[in-house]
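In the numbering used here, the protein residues as written are 15 to 76. Yeah, the Cβ is synthetic: ideal placement off N, Cα and C, and Gly gets one too. Beneath this line is the structure, given in structure tokens, with notes to follow.
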């Protein structure tokens, strides 16, 4: 099992975390709120909650 030789410094940890948080923010920008039901959905996708896409019903949720 791999073991680090030295403890990472605070500045190196911060630099690594900045890149991790930037990637997380990119993933959050792929989501929007459905105008019909105010449910969180992916952009340019059909809403899983109500079945609407761009103000028109695509499929009916039973």
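- Just measuring C-alpha positions, the residue of 23, 74, 33 and 69 sitting nearest residue 52 is 69.
- Annotation for residue 25: the continuous alpha helix (DSSP H) segment containing it runs 24-42.
- Between residue 49 and residue 66, the alpha-carbon positions lie close to 9 Å from each other.
- When DSSP states are grouped into helix, strand and coil, residue 76 belongs to the coil group.
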